[in-house]
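Number 1237 in the numbering used here belongs to position 169 of the sequence shown; there are no gaps in the numbering.
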Amino acid sequence: MVNYKDLGLVNTREMFAKAVAGGYAIPAFNFNNMEQLQAIIQAAAETKSPVILQVSKGARNYANQTLLRYMAEGAVAYAKELGWEHPQIVLHLDHGDSFELCKSCVDMGFSSVMIDASSLPYEENIALSKKVADYAHQYDVTVEAELGVLAGVEDEVAAEESHYTRPEEVIDFSSRTGCDSLAISVGTSHGAYKFKPEQCTRDPKTGRLVPPPLAFDVLHEIEKKLPGFPIVLHGSSSVPQEYVDIINEHGGKLPDAVGIPEEQLREASKSAVCKINIDSDSRLAMTAAIRKVFDEKPGEFDPRKYLGPARAALKTLYIHKIVNVLGSAGKAR
Ligand code: G3H
Ligand code: 13P
Ligand code: ZN
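Below is the structure:
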């Protein structure tokens, strides 16, 4: 049993309370490898932003759970080395799909876990989320649960039919599960193809898809039911078109990839939304940088020569999100 406090990590409780009160959101960036982790920590240290290092079940399988735990511990030391005196870093399980997986992460030093039982019937979602919360809370690990179904692919759970979170259920759900934060569905979706072309309009000047707006009315109704309760948005990548263009110009093929406009995320950050999940944008930034090197320098075969530019692109992306979208810069001095 490893306790996250011994690794220098923090849970989300105080971080979220401050974010809700302060009208900003904490970035939750997924990582699977060293370069992503370095870029996240460099960006957070430079901006003095609290940050959530997010690990999916897939990331755990890809990178090895033991290695990831030590990487997170190393991240705290690295942050201090970069001059961040009091790093506020959370190690969080993203989309945990079973009690056993959540327990294993709690036992290995995660400071926060998500139990995503949103694809189960309501009462089963409550029962599983409560079981995880009861276990995690013994170790002061915070728990995110989800109510409502996002469109797209949630890890290995394909949600064919999305439905918004029902505001009339949130009080019952949060009180009976004991969860510390609630992921909701208000129109975001995972991946780089968040909307089908038929759900969008098309900008006549650029020919690009314009997505439908988030359901702010549903978000505000939820906030009214649960004043001050931390709300989480998954599927919040914006799919920056400059990355899509670079990828497509250098041999890639991502037609009509579209995300959530950043102004809407900025707006959501000012509400009870206090955690915003971003993964696809980092995948796009990395892929764009690597494709460019491969295309322009076909003789290059030193991984540092393409992973280095990818890491630099990631850092720029993360700083932009922290400073211009989520508003969390300077909140962890
Ligand atoms: O919401 C899912 C995250 O983007 C993680 O994706 O399961 O492919 O690691 P992954
Ligand atoms: P994106 O696919 O929009 O980056 O969402 C990531 C996410 O929600 C991780 O849980
Ligand atoms: Zn997600």
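Idealized CB from N, CA, C, for every residue including glycine.
All figures in this text were calculated on a predicted structure; none of them were measured in a lab.
Legend entry - Neighbourhood of residue 1363 by C-beta, 7 Å cutoff - its chain only, sequence neighbours within 5 removed: For the purposes of this step, residue 1363 is taken as the residue at position 295 of the sequence shown. Here the set comprises 1318 and 1319.
Inset, instruction - May I have the straight-line CA-CA distance separating residue 1310 from residue 1106, to the nearest angstrom? - result: As a position in the sequence shown, residue 1310 is number 242, starting the count at 1. As a position in the sequence shown, residue 1106 is number 38, starting the count at 1. Between residue 1310 and residue 1106, the C-alpha separation is close to 23 Å.
Inset, instruction - Out of 1260, 1305, 1354 and 1286, point me to the one whose CA is closest to residue 1389's CA. - result: Looking up residue 1389 in the sequence shown gives position 321. With distances taken between Cα atoms, residue 1389 lies closest to 1305.
Inset, instruction - Have a look at 1154, 1127, 1188 and 1190 and flag the residue whose alpha-carbon is nearest the alpha-carbon of residue 1160. - result: Residue 1160 sits at position 92 when you count from the first residue of the sequence shown. Per the Cα distances, 1127.
Inset, instruction - Using only the heavy atoms of the ligand ZN, determine whether one of them is closer than 6 Å to the beta carbon of residue 1345. - result: Residue 1345 sits at position 277 when you count from the first residue of the sequence shown. The answer is yes for residue 1345.
Legend entry - Candidates 1249, 1345 and 1069, of which the one nearest residue 1298 by Cα: Numbered from its first residue, the sequence shown carries residue 1298 at position 230. Among 1249, 1345 and 1069, the Cα nearest to that of residue 1298 is on 1249.
Inset, instruction - Measuring alpha carbon to alpha carbon, tell me which of 1177, 1188, 1290 and 1153 ends up nearest residue 1166. - result: The count along the sequence shown starts at 1 and reaches residue 1166 at position 98. Restricting attention to 1177, 1188, 1290 and 1153, the CA atom closest to the CA of residue 1166 is found in 1188.
Inset, instruction - State the DSSP-derived secondary structure class of residue 1331, mapped to helix, strand or coil. - result: Taking the sequence shown and counting its residues from 1, the one referred to as residue 1331 is at position 263. Helix at residue 1331.
Inset, instruction - Please specify which runs of the beta strand (DSSP E), each continuous and at least 3 residues long, are wholly inside the segment 1323-1369, giving them in chain order. - result: Listed in chain order, they are 1341-1346.
Legend entry - Cβ shell of residue 1325 (< 7 Å), same chain only, five flanking positions each side left out: On the sequence shown, position 257 is the one that residue 1325 refers to. Hits under 7 Å: 1260, 1261, 1307 and 1312.
Inset, instruction - Look at the Cβ atom of residue 1116, then the Cβ atom of residue 1401, and state whether they are nearer than 7 Å. - result: Taking the first residue of the sequence shown as position 1, residue 1116 is located at position 48. Taking the first residue of the sequence shown as position 1, residue 1401 is located at position 333. Against a cut-off of 7 Å, the Cβ pair of residue 1401 and residue 1116 comes out as a contact.
Inset, instruction - Compute every distance between the C-beta of residue 1348 and the non-hydrogen atoms of the ligand NAD, then say whether any falls below 6 Å. - result: The ligand content of the structure shown is limited to the ligand G3H, the ligand 13P and the ligand ZN, which means the ligand NAD is not among them.
Legend entry - Residue span of the beta strand (DSSP E) that contains residue 1163, given as start and end: One-based indexing of the sequence shown puts residue 1163 at position 95. Element bounds for residue 1163: 1157-1164.
Inset, instruction - Enumerate in chain order the residues of its own chain whose CB-to-CB distance from residue 1210 is below 6 Å, with the five nearest sequence positions on each side excluded. - result: The sequence position of residue 1210 within the sequence shown is 142, counting from 1. Residues of the same chain with a CB within less than 6 Å of the CB of residue 1210, apart from the 5 flanking positions on each side, are 1079, 1080, 1081, 1180 and 1248 in chain order.
Legend entry - residue 1377, DSSP secondary structure in three states: Within the sequence shown, numbered from 1, the residue matching residue 1377 stands at position 309. Note: residue 1377 maps to helix in three-state DSSP.
Inset, instruction - In angstroms with no decimal places, state the Cα-to-Cα distance between residue 1097 and residue 1340. - result: For this step, residue 1097 is matched to residue 29 along the sequence shown. For this step, residue 1340 is matched to residue 272 along the sequence shown. Going from the Cα of residue 1097 to the Cα of residue 1340 covers about 19 Å.
Inset, instruction - Look at residue 1195 and residue 1147 and say whether their C-beta atoms are less than 7 Å apart. - result: Taking the first residue of the sequence shown as position 1, residue 1195 is located at position 127. Taking the first residue of the sequence shown as position 1, residue 1147 is located at position 79. The Cβ atoms of residue 1195 and residue 1147 do not sit closer than 7 Å to each other.
Inset, instruction - Say yes only if the C-beta of residue 1376 is nearer than 6 Å to one or more non-hydrogen atoms of the ligand 13P, and no if none qualify. - result: Taking the sequence shown and counting its residues from 1, one reaches residue 1376 at position 308. Answer for residue 1376: no, Cβ out of range of the ligand 13P.
Inset, instruction - Have a look at the DSSP bridge pairing and note the partners of residue 1097. - result: Position 29 of the sequence shown, counted from the start, is the residue given in the question as residue 1097. Residue pairing from DSSP places residue 1097 in a beta bridge opposite 1121 and 1346.
Legend entry - Three-state secondary structure (DSSP) of residue 1153: Residue 1153 sits at position 85 when you count from the first residue of the sequence shown. Residue state, collapsed to three classes: coil.
Inset, instruction - Determine contact between the segment 1089-1103 and the segment 1341-1359, defined as no fewer than three beta-carbon pairs at a distance below 8 Å. - result: The segment 1341-1359 and the segment 1089-1103 touch, with three or more beta-carbon pairs separated by less than 8 Å.
Legend entry - Through-space distance from residue 1246 to residue 1353, alpha-carbon basis: Working through the sequence shown from its first residue, we reach residue 1353 at position 285. Working through the sequence shown from its first residue, we reach residue 1246 at position 178. Taking the Cα positions, residue 1353 is about 37 Å away from residue 1246.
Inset, instruction - Return the bridge partner residues of residue 1232 from the DSSP annotation. - result: Start at 1 with the first residue of the sequence shown, and residue 1232 comes out as number 164. As computed with DSSP, residue 1232 is found in no beta bridge at all.
Inset, instruction - Count the other C-beta atoms from every protein chain shown that fall within 10 angstroms of the C-beta of residue 1224, then say buried if there are 16 or more, exposed otherwise. - result: Your numbering for residue 1224 matches position 156 in the sequence shown. With a pLDDT of 41 at residue 1224, under the threshold of 50, the modelled position of this residue cannot be trusted, and the question is left open.
Inset, instruction - Return the chain-ordered list of same chain residues with a C-beta closer than 6 Å to the C-beta of residue 1233, the five sequence neighbours on each side being excluded. - result: To locate residue 1233, count along the sequence shown from 1; it is residue 165. The beta carbon of residue 1233 sits closer than 6 Å to those of 1215, 1216, 1252 and 1253, all from its chain and outside the five residues before and after it, given in chain order.
Inset, instruction - State yes or no: is the C-beta of residue 1302 nearer than 6 Å to some heavy atom of the ligand ZN? - result: Mapped onto the sequence shown, residue 1302 falls at position 234. Within the cutoff, so yes.
Inset, instruction - Identify, in the order they occur along the chain, each residue of the same chain with its Cβ nearer than 7 Å to the Cβ of residue 1108, setting aside the five sequence neighbours on each side. - result: Locating residue 1108 in the sequence shown gives position 40, where the first residue counts as 1. Answer for residue 1108: 1097, 1099, 1119, 1121 and 1386, listed in chain order.
Legend entry - Test item: CB-CB of residue 1379 and residue 1191 under 7 Å: Counted from its first residue, the sequence shown places residue 1379 at position 311. Counted from its first residue, the sequence shown places residue 1191 at position 123. Not a contact, by the Cβ cut-off of 7 Å.
Legend entry - Beta-carbon separation (whole angstroms), residue 1356 vs residue 1315, contact threshold 8 Å: Position 288 of the sequence shown, counting from 1, holds the residue named residue 1356. Position 247 of the sequence shown, counting from 1, holds the residue named residue 1315. Contact check for residue 1356 and residue 1315: beta-carbon distance about 5 Å, within the 8 Å limit, so the pair qualifies.
Inset, instruction - Taking all protein chains shown into account, decide if residue 1395 is buried (16 or more other Cβ within 10 angstroms of its Cβ) or exposed. - result: The residue you call residue 1395 lines up with position 327 of the sequence shown. Result: buried.
Inset, instruction - Alpha carbon to alpha carbon, how far is residue 1070 from residue 1207? Give it in angstroms, no decimals. - result: Translated into the one-based positions of the sequence shown, residue 1207 becomes position 139. Translated into the one-based positions of the sequence shown, residue 1070 becomes position 2. Rounded to whole angstroms, the gap between the alpha carbons of residue 1207 and residue 1070 is 10 Å.
Legend entry - residue 1260 - DSSP class collapsed to helix/strand/coil: As a working mapping, residue 1260 is identified with position 192 in the sequence shown. Residue 1260 falls in the coil class under three-state DSSP.
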